[in-house]
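Those letters in the sequence shown? Residues 1064 to 1408, by our numbering.
C-beta atoms are modelled at their ideal positions from N, C-alpha and C, and glycine is treated no differently.
Nothing here was measured: the structure is a model prediction, and the numbers come from that model.
These notes are about the structure you will find just below.
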Amino acid sequence: MGMKELNLEIKLSYVTGLRSIVLNEINKKKVFHVRREVGDSIYLDYVSNLDEVRELRSVARAYVVSQDTKYNPLYISNHKSILGCLIEAVIAGNEDEFKTFKITCAGSDSPEIRDISEYIKKTYKLIETEESDLKIHIIKIEDEWEVGIQSTPRPLSLRNYKVRHMSGAMDPTIAYALNSLCELERAESYLNIFSGSATLLIEAGLCYPKLKEIVGFDNNKKHLSLAIQNVKEAGLIQKARLKEADIFDKPDLGRFDAITSDLPFGMVVSKNEDLETLYRTFIEYCEEKLLPNGTLGVYTSEYEIIESILRKSRFKIFQSLQLKLPTNVGGYLRPKIIVCKLQTS
1064 MGMKELNLEI
1074 KLSYVTGLRS
1084 IVLNEINKKK
1094 VFHVRREVGD
1104 SIYLDYVSNL
1114 DEVRELRSVA
1124 RAYVVSQDTK
1134 YNPLYISNHK
1144 SILGCLIEAV
1154 IAGNEDEFKT
1164 FKITCAGSDS
1174 PEIRDISEYI
1184 KKTYKLIETE
1194 ESDLKIHIIK
1204 IEDEWEVGIQ
1214 STPRPLSLRN
1224 YKVRHMSGAM
1234 DPTIAYALNS
1244 LCELERAESY
1254 LNIFSGSATL
1264 LIEAGLCYPK
1274 LKEIVGFDNN
1284 KKHLSLAIQN
1294 VKEAGLIQKA
1304 RLKEADIFDK
1314 PDLGRFDAIT
1324 SDLPFGMVVS
1334 KNEDLETLYR
1344 TFIEYCEEKL
1354 LPNGTLGVYT
1364 SEYEIIESIL
1374 RKSRFKIFQS
1384 LQLKLPTNVG
1394 GYLRPKIIVC
1404 KLQTS
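Following this line, the structure appears as structure tokens:
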């Protein structure tokens, strides 16, 4: 069966709450056409150049998929060329990246799935493993069956510049979203406070090459050393400056068109600082260091605290996005992206 008869689509999944950001990024690229939306997934017309898809920065994962009411495991095991077309679309030109595979499906030990698995081993010389490069799914979505493959071995949200994972580090798709709301196209200078592993700062440097000055500061030496490694890996070491500094010392680093921060919360804050004092000090510092018409963008789970401080400040909130992130223990975090402007009057 050829590609044309298959009705291939691109399926994008993203963090709950980032829909407007994802649609905005898709609409900037003329190659993409949205077909439909289901839950937190957007389906696009198929594009043969998957590199266009792999470059999306607001998307967590991208898949090549095909849907039909008859694509159950038995049907696919009898029509293996359907899956073959999908596999070839994904691995074309990137064969070296795909050595292993896994099929996710209810009843993954069934004879049909074992049969499909043997076909993949023989035809594509891939090894079946739990942690795999080629991630295949056969799932039921309402009345349809969907056969799909993730377009990259790792999720798109895992950036290549990340030297190693830091617990509590910001999801790069959320960092991209926050930066995209801060009018950085018009900015020349950018400050990232509590810079951590430098995700916000790096996303800004990579997406907005016209930024002339990119500065970050943090008071944690371990964070700074990891941030410097990440900045080097991203190719921004000539452009970005990272400083060891404490917000309570009001470091004098100049004034900026945009200030962003993934605000520390809960466990991250040392015991002798309460969040309210920390956030108030942060807002006072931003009032001082933001240039007229500049933008402040923050990300936090403790948004009630920051919102009450902002109401008493010279800032006016002009946009906020509520997100929903699953936790390891089966619950949800509901952080917010909040974007503000200084009131001039």
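- Message: Buried or exposed, going by whether 16 or more other CB atoms sit within 10 Å of the CB of L1396?
- Response: Label assigned to L1396: exposed.
- Under 6 Å Cβ to Cβ from M1233, same chain only, skipping five residues before and after it: list those, please. T1262, D1325, listed in sequence order.
- Message: Determine whether the beta carbon atoms of L1386 and G1147 lie at a separation below 7 Å.
- Response: With respect to the 7 Å criterion, L1386 and G1147 are not classified as neighbours on the basis of their beta carbons.
- Task: Enumerate in chain order the residues of its own chain whose CB-to-CB distance from L1354 is below 8 Å, with the five nearest sequence positions on each side excluded.
- Result: Excluding residues within five positions, the ones whose Cβ falls inside 8 Å are S1252, R1318, F1319, D1320.
- Query: In chain order, which continuous runs of the alpha helix (DSSP H) of length 4 or greater are located wholly inside the stretch 1126 to 1166?
  - Reply: With a minimum length of 4 residues, the continuous alpha helix (DSSP H) runs that stay inside the stretch 1126 to 1166 are 1136 to 1141, 1143 to 1154.
- Determine contact between the stretch 1180 to 1188 and the stretch 1228 to 1248, defined as no fewer than three beta-carbon pairs at a distance below 8 Å. Proximity of the stretch 1180 to 1188 to the stretch 1228 to 1248 falls short of the contact definition, fewer than three beta-carbon pairs being nearer than 8 Å.
- Does the distance from the CB of A1308 to the CB of T1236 come in under 7 Å? Taking the C-beta atoms as reference points, T1236 is found no nearer than 7 Å to A1308.
- Message: Within 8 Å, do at least three Cβ pairs link the stretch 1293 to 1312 to the stretch 1254 to 1270?
- Response: Taking 8 Å as the limit for Cβ pairs, the verdict is that the stretch 1293 to 1312 does touch the stretch 1254 to 1270.
- Three-state class that DSSP yields for H1286 in the structure shown: H1286 carries a helical assignment under DSSP once its states are collapsed to helix, strand and coil.
- With 16 other CB atoms within 10 Å as the buried threshold, where does G1231 fall? Its Cβ having fewer than 16 others within 10 Å, G1231 is exposed.
- Query: Is DSSP giving R1222 helix, strand or coil here?
  - Reply: Of the three classes helix, strand and coil, the one that applies to R1222 here is coil, per DSSP.
- Message: My output table needs one value for Y1032: the three-state DSSP class, helix, strand or coil.
- Response: In the structure as shown, the chain starts at 1064 and stops at 1408, and residue 1032 therefore has no counterpart that could be examined.
- Item | Pick from L1107, F1257, T1344 that is closest to T1323, judged by C-alpha positions | Ranking the options by Cα distance to T1323, first place goes to F1257.
- Task: Taking only the alpha-carbon atoms, compute the straight-line gap between E1194 and T1215 and give it to the nearest angstrom.
- Result: Rounded to whole angstroms, E1194 and T1215 show a C-alpha spacing of 13 Å.
- Please work out which residues of its chain come closer than 7 Å, Cβ to Cβ, to Y1187, disregarding the five sequence neighbours upstream and downstream, and give them in chain order. Excluding sequence positions up to five before and after Y1187, its CB lies within less than 7 Å of the CB of I1150, all in the same chain and listed in chain order.
- Query: Between R1132 and K1143, what straight-line distance do the alpha-carbon atoms span, to the nearest angstrom?
  - Reply: Note that residue 1132 corresponds to Thr in the displayed sequence, not to Arg. T1132 and K1143 have their alpha carbons spaced roughly 16 Å apart.
- Proximal residues to E1351 (C-beta, below 7 Å), its chain only, five neighbours per side dropped: When the five nearest sequence neighbours on each side are left out, no beta carbon in the same chain lies closer than 7 Å to the beta carbon of E1351.
- Query: Candidates E1118, N1070, I1084, I1139: which alpha carbon is nearest D1108's?
  - Reply: Taking D1108 as reference, the option from E1118, N1070, I1084, I1139 with the minimal CA-CA separation is N1070.
- Report all residues from its chain with a CB closer than 8 Å to the CB of R1343; omit the five preceding and five following residues, and keep chain order. Listed in chain order, the non-local C-beta contacts of R1343 below 8 Å within the same chain comprise I1372, local neighbours out to five positions each way being set aside.
- Message: Measuring straight from C-alpha to C-alpha, what distance separates I1380 and L1359?
- Response: Distance from the CA of I1380 to the CA of L1359, rounded to the nearest whole angstrom, comes to 9 Å.
- Do H1228 and G1259 come within 7 Å of each other at the CB atom, strictly closer than that value? It is not a contact, given that the beta carbons lie outside the stated cut-off.
- Task: Measure the C-alpha to C-alpha separation of K1275 and A1303 and round it to an integer number of angstroms.
- Result: When rounded, the distance between both Cα atoms is 9 Å.
- Tell me T1344's beta-bridge partners as DSSP assigns them. Looking at the DSSP output, T1344 bridges to nothing.
- Residues that P1389 bridges to, as DSSP identifies them: The beta-bridge partner set that DSSP reports for P1389 consists of Y1395.
- Among T1167, R1249, Y1224, nearest to E1209 - alpha-carbon criterion: Out of T1167, R1249, Y1224, T1167 has the C-alpha closest to the C-alpha of E1209.
- Query: Three-state secondary structure (DSSP) at F1328?
  - Reply: Note: F1328 maps to coil in three-state DSSP.
- Message: In whole angstroms, give me the CA-to-CA distance for G1170 and I1199.
- Response: In this structure, the CA atom of G1170 is about 14 Å from the CA atom of I1199.
- Rounded C-alpha distance that separates V1101 from Y1348: Distance between the alpha carbons of V1101 and Y1348: 43 Å.
- Taking the runs of the beta strand (DSSP E) that are 3 residues or longer, which of them lie wholly in the stretch 1239 to 1288? Counting only runs of 3 or more residues that sit fully inside the stretch 1239 to 1288, the beta strand (DSSP E) segments are 1252 to 1256, 1276 to 1281, in chain order.
- If you scan the stretch 1068 to 1104 from start to end, which runs of the alpha helix (DSSP H) of 4 or more residues do you find wholly inside it? At a cut-off of 4 residues, the continuous stretches assigned as alpha helix (DSSP H) that sit fully inside the stretch 1068 to 1104 are 1082 to 1091.
- Extent of the continuous alpha helix (DSSP H) run through E1370: Per DSSP, E1370 belongs to the alpha helix (DSSP H) from 1366 to 1374.
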